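S.K.:
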Amino acid sequence: MTSDDFDARLHAAAESVKRLKEAIAKVVVGQHAVVDQVMWALVAGGHVLLEGAPGLGKTLLVRTLSECLDLHFSRIQFTPDLMPSDVVGTNVLVMDATARAAHGAFALSKGPIFGQIVLADEINRATPKTQSALLEAMAEHAVTIAGTRHALDEPFFVLATENPIEMEGTYPLPEAQLDRFLLKIAVPNPSEDDLCEVLARTTGRAPEAPGRVMGRSDVMGLRTMCRDVAIAEPVVRYAARLVRASDPNEKDAPELARRALRFGAGVRGAQSLVLAAKAVALCEGRPHVSFADIAKVAKPALRHRLIRSFEGEADGVETDAVVDTLLAGVSPRPERVAAEGSA
Amino acid sequence: MRRRLALRTAMTGAAIGLAIAVLPACVAWKVRRGELRPYAALLGVAGALGGLAVARRRRWSDGEVALFLDARFGSHETITTALQVSREAPSVAHAAIVARAAHVLSRGAMSTTKTRLLSPIHSLAPLALLTLAVVARVPVPSAPVSVAPPGEAKVAHIEAEGLEKIATLARVEARDDEQRERLAKIARDAGALKEKLRVGLAKRDAQDQIARLREALDHERLSLGDGEKRAGLDSAVSQLEHAAQTQTAARALGDHDLQSMDAAMERVASSREKRDRALADEALRNAASAAAQAGAADVAKALEGERKLLAKRGARIDALRELARAMRDAGVRSDDAERALDSLDREGSDEAARALAQSLEEALSKLTPEERQRLAEKLAKQAKEPRTTKSGGASTSPPPDAKELEEQLRALAKDDAPSDEAARDAALDRASQGASETEAAIDGRNGNGATANGDGAGTGGSHDFETGSHRGRTDPIAGDTLKSRAHAAMNAGNAMPSSVTTFAPGRAGDVATALATGDLRAAAPNQLDAVEKSDVPEEYREHVRQYFNPKGTTR
Chain A
25 MTSDDFDARL HAAAESVKRL KEAIAKVVVG QHAVVDQVMW ALVAGGHVLL
75 EGAPGLGKTL LVRTLSECLD LHFSRIQFTP DLMPSDVVGT NVLVMDATAR
125 AAHGAFALSK GPIFGQIVLA DEINRATPKT QSALLEAMAE HAVTIAGTRH
175 ALDEPFFVLA TENPIEMEGT YPLPEAQLDR FLLKIAVPNP SEDDLCEVLA
225 RTTGRAPEAP GRVMGRSDVM GLRTMCRDVA IAEPVVRYAA RLVRASDPNE
275 KDAPELARRA LRFGAGVRGA QSLVLAAKAV ALCEGRPHVS FADIAKVAKP
325 ALRHRLIRSF EGEADGVETD AVVDTLLAGV SPRPERVAAE GSA
Chain B
6 MRRRLALRTA MTGAAIGLAI AVLPACVAWK VRRGELRPYA ALLGVAGALG
56 GLAVARRRRW SDGEVALFLD ARFGSHETIT TALQVSREAP SVAHAAIVAR
106 AAHVLSRGAM STTKTRLLSP IHSLAPLALL TLAVVARVPV PSAPVSVAPP
156 GEAKVAHIEA EGLEKIATLA RVEARDDEQR ERLAKIARDA GALKEKLRVG
206 LAKRDAQDQI ARLREALDHE RLSLGDGEKR AGLDSAVSQL EHAAQTQTAA
256 RALGDHDLQS MDAAMERVAS SREKRDRALA DEALRNAASA AAQAGAADVA
306 KALEGERKLL AKRGARIDAL RELARAMRDA GVRSDDAERA LDSLDREGSD
356 EAARALAQSL EEALSKLTPE ERQRLAEKLA KQAKEPRTTK SGGASTSPPP
406 DAKELEEQLR ALAKDDAPSD EAARDAALDR ASQGASETEA AIDGRNGNGA
456 TANGDGAGTG GSHDFETGSH RGRTDPIAGD TLKSRAHAAM NAGNAMPSSV
506 TTFAPGRAGD VATALATGDL RAAAPNQLDA VEKSDVPEEY REHVRQYFNP
556 KGTTR
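Protein sequence lines, in the order shown, are assigned to chains A and B. Counting with my numbering, you get residues 25 to 367 for the letters of the first sequence. Counting with my numbering, you get residues 6 to 560 for the letters of the second sequence.
Structure, rendered in structure tokens:
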């Protein structure tokens, strides 16, 4: 394969992602940033936590994505009484009705986790015990049922949603579980134009189904290519400096981070930054990561990894504001290069 | 790009160097070293070299250059990534990245890769150059007239011959060991000062040391009968005053003027009347005894020496007189000898005795054989007559012949040695004169009155608008002619003259702002109407009069 062939593959990958987004856009109005971020997570092989008010199309987005991808889709509606076995499945006794004696055998009844695109709707409504059942699957891409480990089909892509408004009777995800999500995507309210379009689509005839755009091999190929995206040492160092600056105990941390944060992003946060940035580069058809890619994914990759302090919570400091401060305070290039480059 | 960065850093260094160079240039102008001002610009060159050194040390790495190019081209760190992957194992992906970077570089305009060459700090360079040019052209300020503080002036290369006269005190025969030590110290100090004056020292110090030498000389002059021996001196003076023949000597002794005392005793020794000599001798003996009793051994010793000298001088004068009489009796006439004999009788000085001896010797040399024969016979006849010798006994020696007589006269014509005290006093006088000469040399005056400037040439005063030569020379004045010796008594019992300058009110009750001289010396203490004749203001005369004479007996 020559470099031209490589470029062609890159171009094809970018085009396929573009087609996927266009297909989704036929159903989901607006929310381009959200769709982009979902694409990054899909390509990077990470999981996504969608947070937004009810009715913003979170579930629609995931369902549309599953329709566009030729993958097995399953949905779990998390409720307080949902049990782990309801998620991962269980062994059930299956009786042989034809046999003279009552013979039976245990058969595995797979839960909804055994899908390739799993929608964990309102994940914060389940108990931590049930949430942790999902945790193992997200981290290991496998579940253990009755002592037997069952690998999940690849690509395994979890998209969880949660509602930040109705906190009554919810179980906020613990930090360890939040850390498993590559990106936490904030779903914003639609703009006026988007809202008009939504109203037009949803109050008329049912829209046309988007159709299959990508298959399993395509997704796996994108993920493989994503890992091959090159990243220069200064860009890696920039990501590392951003993460270290989020540590309130770090001397280079900005004042807001020191005041409003209790813990900064850890190693997984840095990994998420780089991996998501690679996905961004790939989606844009580039074989390498830029500083801009890091900055672009900084908020979705870090916002759920920054643990606010009491003071930060009391002052209502959002983690996005802290990330903005980090981006403003940490220069991607050395100072003298930045001074000359900006001239 | 790196060259531009290095050039910019060098220009920055040069600008800073030139800006700094303004300071030394101004300093050079201020200290009137105008020739150094242009060299201050070399600091600009030094700054440029320093800037190059800094640029070399802070040279951008390849990675930094790649980052800069990516920032300029907006190429999403393509060049940076390509630079890194080019160092790694080759792969298709890497090749694609390098190809993209090459494409970016080939597409990008070179102008966008140029860094800024000028920075705001570079504006210092032309400003500094302009300032340097101005400073270099401004005339150097004239040197201020520096006046050294009083006493700070230095004197050097002075050959103080006068100090040699002080140094000779080491060879003067001292009265005792203590005086010998003191005189030796004065001589040493004079020698040391002479060496310092040759090398150089502060004028104030030189004057101070000369003053110390003067003080030591004055103290030495008054050392006879000083301190606890003052009573012995006063007793001796009192004894000498009892005899009329030694009253002058007594006054001179009281004034420590030992040369005058010796001269006075010389006149007594030349007296024709032997009684006068005997009375003087007795007075001297009594004075020596009184001094010794009062504990003034040095005074007693000096008086005894003067007494012996009196006897010796008397014998000499007697011998001359006898010879003169014998020659007159022998018919040998010499006008010079007659005049010298009259002078000796009148003055009684050593010079007169010496002149008489020379006249007699001259007359003797002109004698004919017959006259010589007559003189020999006369002397033989006088020798047969009983006469009193110097020791008071009868002389039995044969009469001298003409040759022996000439030798005796030659011996009598020699200078009469003064007393030891007089000789020391004379040495101290010479030393004081040497101190004065040295002071004059330090002050830039010489002994004959010439100024240190020599011909007195000068530029004239500020009011001198006319042209003309100011050159001139004051004729030298012999220093010896300016000398005088005051024979006045220093402590004759009268109060020292004085004048008082006071501020006094013009009228009673006024503030004392008027300068008045109250020269009270104008009126003697016991003079009638002295207060009226004095400068005491009228308003106060009555008060003063009543104060000094409350009973009003003087009017």
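Beta carbons: idealized from backbone N, C-alpha and C, even for Gly. Please read all numbers here as calculations on a predicted model, not as lab measurements.
Helix, strand or coil: how does DSSP classify B:Gly466 here?
M.R.: Caution applies to B:Gly466, whose pLDDT of 47 falls short of 50 and renders its modelled position unreliable; the value that the coordinates give is listed next. Of the three classes helix, strand and coil, the one that applies to B:Gly466 here is coil, per DSSP.
S.K.: Among B:Gly319, B:Leu372, B:Arg377 and B:Ala329, which has the Cα closest to the Cα of B:Ser354?
M.R.: Out of B:Gly319, B:Leu372, B:Arg377 and B:Ala329, B:Gly319 has the C-alpha closest to the C-alpha of B:Ser354.
S.K.: Which same chain residues end up closer than 6 Å to A:Ala77 when comparing Cβ atoms and leaving out the 5 residues on each side of it in sequence?
M.R.: The answer, listed in chain order, is Ile189.
S.K.: Under 7 Å Cβ-Cβ, which residues of chain B neighbour A:Asp252?
M.R.: Near A:Asp252 (Cβ distances below 7 Å), the residues of chain B are Ala98.
S.K.: Return the chain-ordered ranges of every alpha helix (DSSP H) run that is complete within the stretch 151-231 of chain B and spans a minimum of 4 residues.
M.R.: Runs found: 167-172, 182-204 and 208-226.
S.K.: Can you find a CB in chain B that lies within less than 8 Å of the CB of A:His312?
M.R.: Yes, A:His312 counts as interfacial toward chain B.
S.K.: Using DSSP with H/G/I as helix, E/B as strand and the rest coil, what is A:Leu73?
M.R.: Strand.
S.K.: Could you please give the first and the last residue of the uninterrupted alpha helix (DSSP H) stretch that includes B:Gln298?
M.R.: Lys279 to Gln298 is the span of the alpha helix (DSSP H), which, as asked, contains B:Gln298.
S.K.: Would you list the one or two residues that DSSP bridges to A:Gln101?
M.R.: A:Gln101 pairs with A:Asp145.
S.K.: Can the beta-carbon of A:Asp145 be found less than 8 Å from the beta-carbon of A:Phe102?
M.R.: Result yes, Cβ atoms of A:Asp145 and A:Phe102 sit closer than 8 Å.
S.K.: Any contact between the stretch 105-114 of chain A and the stretch 128-136 of chain A? By contact I mean 3 or more CB pairs, one from each, below 8 Å.
M.R.: Contact holds: three or more Cβ-Cβ distances are below 8 Å.
S.K.: Chain A beta carbons: is any one of them nearer than 8 Å to that of B:Thr5?
M.R.: Since the first residue of chain B shown is 6 and the last is 560, residue 5 of chain B is not available in this structure.
S.K.: Note down, one range per segment and in chain order, each beta strand (DSSP E) of at least 3 residues found wholly within the stretch 126-214 of chain A.
M.R.: 127-134, 141-145, 166-169, 172-175, 181-186 and 207-210, all fully within the stretch 126-214 of chain A.
S.K.: Give the single residue among A:Ser355, A:Glu337 and A:Ala325 whose Cα lies nearest to the Cα of A:Leu73.
M.R.: Residue A:Ala325 is the option with its Cα nearest to A:Leu73.
S.K.: Kindly indicate the opening and closing residues of the alpha helix (DSSP H) around B:Asp425.
M.R.: Looking at the DSSP string, the run of the alpha helix (DSSP H) that includes B:Asp425 is Asp425 to Ile447.
S.K.: Quick check on this structure: which residue in B:Ala114, B:Trp34, B:Ala436 and B:Ser276 has the alpha carbon closest to the alpha carbon of B:Phe78?
M.R.: That would be B:Ala114, whose Cα lies nearest to the Cα of B:Phe78.
S.K.: Could you confirm whether any beta carbon from chain A is found closer than 8 Å to the beta carbon of B:Ala101?
M.R.: Yes, B:Ala101 counts as interfacial toward chain A.
S.K.: Which chain B residues sit within Cβ distance under 7 Å of A:Ser27?
M.R.: Chain B residues near A:Ser27: Val97, Ala100, Ala101 and Ala104.
S.K.: Any C-beta of chain A sitting closer than 8 Å to the C-beta of B:Val90?
M.R.: For B:Val90, the answer is yes, since a Cβ of chain A falls inside 8 Å of its Cβ.
S.K.: Decide yes or no for the touch test of the stretch 327-342 of chain A against the stretch 278-293 of chain A: beta carbon pairs closer than 8 Å, at least 3 of them.
M.R.: Contact between the stretch 327-342 of chain A and the stretch 278-293 of chain A is present, because at least three Cβ pairs lie under 8 Å.
S.K.: DSSP has A:Arg332 in a bridge; who is on the other side?
M.R.: Per DSSP, A:Leu285.
S.K.: Which whole-angstrom value is the C-beta distance of A:Leu207 and A:Ala65, which I expect to be below 8 Å?
M.R.: With a Cβ gap of about 5 Å, A:Leu207 and A:Ala65 count as contacting.
S.K.: Hey, A:Leu306 and A:Ala37: beta-carbon distance below 8 Å or not?
M.R.: Yes, the Cβ-Cβ distance between A:Leu306 and A:Ala37 is below 8 Å.
S.K.: Can at least three beta-carbon pairs, one atom from the stretch 259-269 of chain B and one from the stretch 429-447 of chain B, be found at a separation below 8 Å?
M.R.: Judged by Cβ distances under 8 Å, the stretch 259-269 of chain B makes contact with the stretch 429-447 of chain B, as three or more pairs qualify.
S.K.: Measuring only the C-alpha atoms, how far is A:Thr88 from A:His127?
M.R.: Taking the straight line joining both Cα atoms gives about 44 Å.
S.K.: Counting only beta-carbon atoms, is A:Val354 nearer than 8 Å to chain B?
M.R.: No - not a single Cβ of chain B is within 8 Å of the one on A:Val354.
S.K.: Roughly how many angstroms lie between the CA atoms of B:Thr456 and B:Ala357, to the nearest whole one?
M.R.: In this prediction, B:Thr456 has a pLDDT of 40, which is less than 50 and means its spatial position is unreliable; nothing more can be read from the coordinates.
S.K.: Select from B:Ala362, B:Arg338 and B:Ala295 the residue whose C-alpha is nearest the C-alpha of B:Ala324.
M.R.: Of the candidates B:Ala362, B:Arg338 and B:Ala295, the one whose C-alpha sits nearest the C-alpha of B:Ala324 is B:Ala362.
S.K.: For A:Ala264, which residues in chain B fall below 8 Å Cβ to Cβ?
M.R.: Simply none; closest approach about 15 Å.
S.K.: Rounded to whole angstroms, what's the CA-CA distance from B:Ala87 to A:Leu219? Just pull it up for me.
M.R.: Distance between the alpha carbons of B:Ala87 and A:Leu219 is about 45 Å.
S.K.: Considering only residues of the stretch 20-95 of chain B, which uninterrupted beta strand (DSSP E) runs meet the minimum length of 3 residues and lie entirely inside it, listed in chain order?
M.R.: Within the stretch 20-95 of chain B, no complete beta strand (DSSP E) run reaches 3 residues.
S.K.: Do B:Ala329 and B:Leu372 come within 8 Å of each other at the CB atom, strictly closer than that value?
M.R.: The answer is no: Cβ separation not under 8 Å.
S.K.: Name the chain A residues whose beta carbon is nearer than 8 Å to that of B:Leu72?
M.R.: By Cβ distance, chain A contributes Pro258, Arg357, Pro358, Val361 and Gly365.
S.K.: From B:Glu124 to B:Leu57, what does the alpha carbon distance come to, in whole angstroms?
M.R.: The amino acid at residue 124 of chain B is misidentified as Glu; the sequence shows Ser. Answer to the nearest angstrom: the Cα atoms are 16 Å apart.
S.K.: Can you tell me whether A:Leu120 is helix, strand or coil according to DSSP?
M.R.: The question names Leu, but residue 120 of chain A is Asp in the sequence shown. Three-state result, A:Asp120: strand.
S.K.: What number of angstroms, rounded off, separates the C-alpha of B:Ser275 from the C-alpha of B:Ala445?
M.R.: When rounded, the distance between both Cα atoms is 40 Å.
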